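Using numbering that gives the first Met the number 0, the first residue of the sequence shown is number 0, and each one after it goes up by one.
All C-beta atoms in this analysis are idealised placements derived from N, C-alpha and C, irrespective of residue type, glycine included.
All values derive from a computational prediction rather than experimental measurement.
Just below is one structure, and these are the notes that go with it.
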Amino acid sequence: MEIAVGMVGGGPGSFIGETHRHALRYDGRFKLQAGAFTRSVETNDEFGETLGIDAARRYGSWRDLLAEEVRRDDGIEAVIIATPNDTHHEIAAAALDAGLHVMCDKPVAVSLRQALDLRDRQRRSGRVFALTHNYTGYAMVRQAREMVRDGALGEIRIVQVEFAQGWASAPLEQSGHKQAEWRMDPVRVGPSAVLMDLGTHAHHLMRFVTGCEVEALCTDLRSFVPGRATNDDAHLLMRLTGGASGQLWASMVANGNGHGLRLRVYGDAGSLAWKQEIPNRLIYRREGEPDQVLSKGNDYLSETSRAASRVGGGHPGGFIEAFANLYREFADAIEASKRGETSADGPWLFPTVDDGVAGLAFVEAAIRSHQDSGNWISLNGEGDT
Ligand code: NAD
């Protein structure tokens with residue numbers, strides 16, 4: 000039986016809405032039955048029709064969607080949130096309180112306080128909360144995680160992670176660019192555009208693969224584009240649990256860079272390198288030996304990695320498949336919760352509200368360091384359960 004879902008945001012022309020819709024359909028586990036895709040009643044109605052949503056279930060606002068859907072016998076069981084950052088907290092909080100599962104786009108909220116509140120509500124409700132740090136759905140990212148856990152790198156010494164894009168090298172927000180308009184508005188994006196938009200993804204990818212948490216950091220934030228109201232570039236040094244050193248670069252002004260997410264991990268026995276623009280390959284190197292290029296879908300990979308490969312070896316898998324892996328596990332977790340098991344008992348790899356809390360603790364510490372002239376700031380287990 001498909002799980003009925005409703006979507007908030009992700010309207011026509013939105014960046015990430017269509018990806019969510021492809022991903023939720025990928026395994027036939029969900030059916031999109033309701034939506035408040037935009038704030039305009041008319042657009043929402045027209046758009047809902049193109050998606051085959053029943054007229055009665057195309058809502059003028061997310062509040063109406065929640066209120067009406069919980070009254071229906073065939074009402075939705077989960078909400079997908081694909082709106083700008085400043086709305087995530089109130090929508091997710093109301094959805095959890097209404098007893099719905101949540102698939103929320105990142106970052107989970109615009110402050111650590113809001114993120115902690117969502118974590119409390121998730122715990123009280125017992126509902127499943129997934130957060131789309133979707134890069135962790137790639138087969139070769141999962142392979143990298145397994146290799147680190149199996150000791151292929153030995154003790155981790157150095158982590159280099161970067162998410163450097165160039166799309167906002169010009170002041171797009173001043174000429175009505177849809178995505179730039181809210182992303183460069185500190186009220187809507189949160190305390191630092193580059194850290195909220197890209198830094199949280201890089202931070203999560205590093206934690207997912209290495210298992211290392213940030214113990215302390217120092218930060219240099221910049222706003223290169225004249226007139227920009229928020230940061231568009233961030234350089235951080237990090238001290239990580241287990242004694243490793245880390246460096247994170249996030250940028251929206253790396254002129255000419257496309258979607259430059261990249262991770263390199265060096266241990267005392269070997270190293271790994273992965274790039275999201277060539278996602279099906281993982282490079283494994285050991286000093287004095289030839290480089291190994293591991294490719295998605297092959298039998299020599301871990302079971303977890305092979306399970307995340309949706310098309311045969313040699314065929315490229317991409318962004319949608321990685322996203323679909325999170326949706327498949329979200330469906331598994333919802334089914335498990337219906338059987339009375341808690342989502343924490345499952346073998347789920349999707350990011351959760353706890354990862355959202357870690358992300359906001361990281362962002363707020365980074366900003367404190369910057370404001371303190373780039374001095375080292377200790378995270379002191381901020382956001383820990
Ligand atoms: P966007 O501006 O392209 O689209 C936002 C959509 O939400 C629009 O359709 C808008 O009409 C709608 N919307 C805004 N407020 C609403 C409300 N109150 N009720 C209903 N609909 C509303 O933004 P985007 O780039 O798609 O980003 C949306 C979210 O997804 C952000 O939080 C962003 O950080 C995240 N995102 C994640 C990824 C990823 O890889 N996981 C990629 C891009 C964006």
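Start and end residues, beta strand (DSSP E) containing residue i
| i | result |
| --- | --- |
| residue 283 | 280–284 |
| residue 31 | 29–35 |
| residue 359 | Residue 359 -> not in any beta strand (DSSP E); alpha helix (DSSP H) instead, spanning 352–370. |
Which listed residue (the options) has its alpha carbon closest to that of residue i
| i | options | result |
| --- | --- | --- |
| residue 324 | 27, 16, 4 | 27 |
| residue 285 | 95, 193, 272 | 272 |
| residue 253 | 116, 166, 358 | 166 |
| residue 133 | 64, 41, 307, 67 | 307 |
| residue 36 | 22, 29, 21, 61 | 61 |
| residue 158 | 261, 13, 293, 305 | 261 |
| residue 163 | 193, 93, 264, 340 | 193 |
| residue 281 | 120, 90, 130, 147 | 147 |
| residue 239 | 126, 154, 110 | 154 |
| residue 355 | 83, 86, 31, 105 | 105 |
| residue 156 | 350, 47, 21, 263 | 263 |
| residue 347 | 340, 359, 332, 360 | 332 |
| residue 42 | 267, 13, 85 | 13 |
| residue 242 | 234, 267, 225 | 267 |
| residue 1 | 57, 329, 288 | 329 |
| residue 226 | 322, 170, 120, 29 | 170 |
| residue 207 | 186, 138, 223 | 138 |
| residue 246 | 189, 326, 202 | 202 |
| residue 236 | 379, 129, 189, 160 | 160 |
Per-residue burial, residue i [other beta carbons within 10 Å of its own, 16 or more giving buried]
| i | result |
| --- | --- |
| residue 352 | buried |
| residue 232 | buried |
| residue 291 | exposed |
| residue 366 | buried |
| residue 337 | exposed |
| residue 304 | buried |
| residue 277 | exposed |
| residue 32 | buried |
| residue 121 | buried |
| residue 218 | buried |
| residue 265 | buried |
| residue 189 | buried |
Residues bridged to residue i [DSSP beta-bridge criterion]
| i | result |
| --- | --- |
| residue 273 | 262 |
| residue 161 | 248, 261 |
| residue 377 | 215 |
| residue 8 | 81 |
| residue 129 | 102, 351 |
| residue 204 | Note: residue 204 sits in no beta bridge, so no partner. |
| residue 220 | 233 |
| residue 3 | 30 |
| residue 57 | 34 |
| residue 155 | 266 |
The alpha helix (DSSP H) enclosing residue i, as first and last residue numbers
| i | result |
| --- | --- |
| residue 177 | 177–182 |
| residue 293 | Note, residue 293: premise wrong, no alpha helix (DSSP H); beta strand (DSSP E) at 291–294. |
| residue 238 | It is not in any alpha helix (DSSP H) - residue 238 instead sits in the beta strand (DSSP E) that spans 232–239. |
| residue 93 | 87–96 |
| residue 304 | 302–306 |
| residue 185 | 185–188 |
| residue 168 | Residue 168 -> no alpha helix (DSSP H), and no H or E assigned at all. |
Any non-hydrogen atom of the ligand MN closer than 7 Å to residue i Cβ
| i | result |
| --- | --- |
| residue 63 | The ligand MN is not part of the structure shown, which contains the ligand NAD as its ligands. |
Sufficient close CB pairs (3 or more, under 8 Å) joining the stretch 307–319 to the stretch 0–11
no
Under 8 Å: do the stretch 101–111 and the stretch 65–79 share three or more Cβ pairs, one atom per stretch?
yes
Three or more C-beta pairs closer than 8 Å, one from the stretch 114–122 and one from the stretch 170–182: is that the case here?
no
Does the pairing of the stretch 64–77 with the stretch 36–45 give three or more beta-carbon distances under 8 Å?
no
Just checking, does the stretch 179–197 make contact with the stretch 244–259 on the three C-beta pairs under 8 Å criterion?
yes
Is it the case that the stretch 213–231 contacts the stretch 131–150, given that we only count it when at least three CB pairs across the two stretches are under 8 Å?
no
Does the stretch 182–191 come close enough to the stretch 137–146 that 3 or more CB-CB pairs lie under 8 Å?
no
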